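Asks: Using my numbering, the first residue of the sequence shown is number 3, and each one after it goes up by one. Okay, handing you the structure first.
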Amino acid sequence: MTRDGTDARGPTPLALGHRRDLTADCGKCVGLCCVALAFARSADFPVDKPAGEPCRHLDPADRCSIHTDLRPRGYRGCTVFDCFGAGQQTTQLTFGGRSWRDDPQDRAAMFAAFPVMRRLHELLWYCEQAVTLARIAPARPDPEPWVRLVARVHAATRLSADGLRALDVDAEYAAARPLLLQASDLARVGLSRAAVRHRGRPVGPGDDLAGARLPGADLTGACLRGALLIGADLRGARLHACDVLGVDWRDADLSGADLRTAIYLTRTQVDSARGDASTRLPEGFHRPAHWSVEPAAGWPSVPGVAPVRAGTRKPGRRPRRRE
């Protein structure tokens, strides 16, 4: 592998950790995101819904009756929420396939367990990517600390409903954070290009870059951790080995951008942004249905990437809710 993340077969997936159980399988869930979580009337939702109350559009079979019209109907928040597979884990493992509809006691316990499981699965997503980053880092550190971290978080996902309710999930995140950051730092050694600047200063972690114009920026090896990129122009940007942990790029324009090896990228981040047929995504990511099916003017199409028919989504997927 070369240091630009390519080999004879193409780009090396630096940050992928796409285990099947970290991908939502709504057919094995009982609509937990549509019931357990609350949402407030806003640009993302047209109405208020308290936690524990089923969405008005959830049918008796735990399917969304307006699934194909979520964005036109004002439910944009449903299309960007990702449970990281916590729905089927809570339903099938923690509760043995039972539904919240079956027993009032299970109902309360499931609604308490699901948000905790969701956060654990998101943490596991990051931790598994950290193992990959440690293993490909130039310094070749012993990956054992990261392997133990994954085992610890995975064990937490196997807890009982009472165990999940008692778990301090914030403490789990705090314990994992140093190793997540270390893995990213080790993997990005020697990759940084000349610093990209905005308003006269280099961009970096935690920056407020809302609305920033950064078309064509080479962010190879950069750290944008926690940056605010709402509505930013990142058309044609290159984000090879760029740390995007916690980056908020709602409505950012990623047309023609290369995200194939972005570090700690999530599907929620991709779904919340705008893109087109020439945006390059990591293996295992699906182009959001609201993205343009044609390359934006001025940005070439990517060889081998076929346009995606508008409105198509992965079969069996239900709308998602914010916690």
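Backbone N, C-alpha and C define an ideal beta-carbon position, used for all residues, glycine too. Because the structure is a prediction, the values reported are computed rather than measured.
1) Taking one C-beta from the region 27-34 and one from the region 86-106 each time, how about it: are there three or more such pairs within less than 8 Å?
2) Starting from the Cα of threonine 134, find the closest Cα among Val118, Gly79 and Leu151 and give me that residue.
3) Taking contact to mean 3 or more Cβ pairs, one atom from each stretch, closer than 8 Å, check whether the region 235-244 and the region 47-66 are in contact.
4) Residues in the same chain with beta-carbon distance under 8 Å from threonine 270, minus the five sequence neighbours each way, listed in chain order, please.
5) Using alpha carbons as the reference points, say which of Leu24, Arg252, Arg227 and Pro284 lies closest to glycine 89.
6) At the level of alpha carbons, what is the spacing between arginine 342 and threonine 268?
7) In whole angstroms, what separates the C-alpha of alanine 291 from that of threonine 93?
8) Alpha carbon to alpha carbon, how far is proline 106 from leucine 226? Give it in angstroms, no decimals.
9) Cβ-heavy atom distance between glycine 258 and the ligand FAD below 6 Å?
10) Determine the direct distance from the alpha carbon of alanine 254 to that of valine 304, and round the result to whole angstroms.
11) Below 8 Å, how does it come out for the region 193-207 and the region 152-169: are there three or more Cβ pairs, yes or no?
12) With DSSP run on the structure shown, which of helix, strand or coil describes leucine 261?
13) Quick one: any contact between the region 241-259 and the region 113-125, if contact means 3 or more CB pairs under 8 Å?
14) Does the structure place the region 164-173 close enough to the region 205-220 that three or more beta carbon pairs sit under 8 Å?
Replies: Working from what's here:
1) Between the region 27-34 and the region 86-106 there are three or more inter-stretch CB-CB distances shorter than 8 Å, so the stretches are counted as touching.
2) Locating residue 134 in the sequence shown gives position 132, counting from the first residue. Sorting Val118, Gly79 and Leu151 by C-alpha distance to the C-alpha of threonine 134 places Leu151 at the top.
3) Contact between the region 235-244 and the region 47-66 is absent, because fewer than three Cβ pairs lie under 8 Å.
4) As a first step, residue 270 must be located in the sequence shown, where it is residue number 268. By the criterion of a C-beta distance shorter than 8 Å, threonine 270 is surrounded in its chain by Val82, Phe83 and Asp84, once the five residues flanking it on both sides are discounted.
5) The residue labelled residue 89 in the question sits at position 87 within the sequence shown. Closest by alpha carbon: Leu24.
6) With the chain represented from 3 up to 325, any question about residue 342 goes unanswered, as that position is not in the structure.
7) For this step, residue 291 is matched to residue 289 along the sequence shown. For this step, residue 93 is matched to residue 91 along the sequence shown. Straight-line Cα distance between these residues: approximately 27 Å.
8) Within the sequence shown, numbered from 1, the residue matching residue 226 stands at position 224. Within the sequence shown, numbered from 1, the residue matching residue 106 stands at position 104. Taking the straight line joining both Cα atoms gives about 45 Å.
9) Absence of the ligand FAD from the depicted structure is noted, as is the absence of any ligand whatsoever, leaving it without description.
10) Translated into positions along the sequence shown, residue 304 becomes position 302. Translated into positions along the sequence shown, residue 254 becomes position 252. Legend: pLDDT at valine 304 = 39, less than 50; position of this residue unreliable, no value from coordinates given.
11) Judged by Cβ distances under 8 Å, the region 193-207 makes no contact with the region 152-169, as fewer than three pairs qualify.
12) Within the sequence shown, the letter at position 259 stands for residue 261. DSSP places leucine 261 in coil when its eight states are reduced to three.
13) For the pair of segments examined, the region 241-259 was found not to touch the region 113-125: the number of CB pairs separated by less than 8 Å stays below three.
14) Verdict: no, contact absent.
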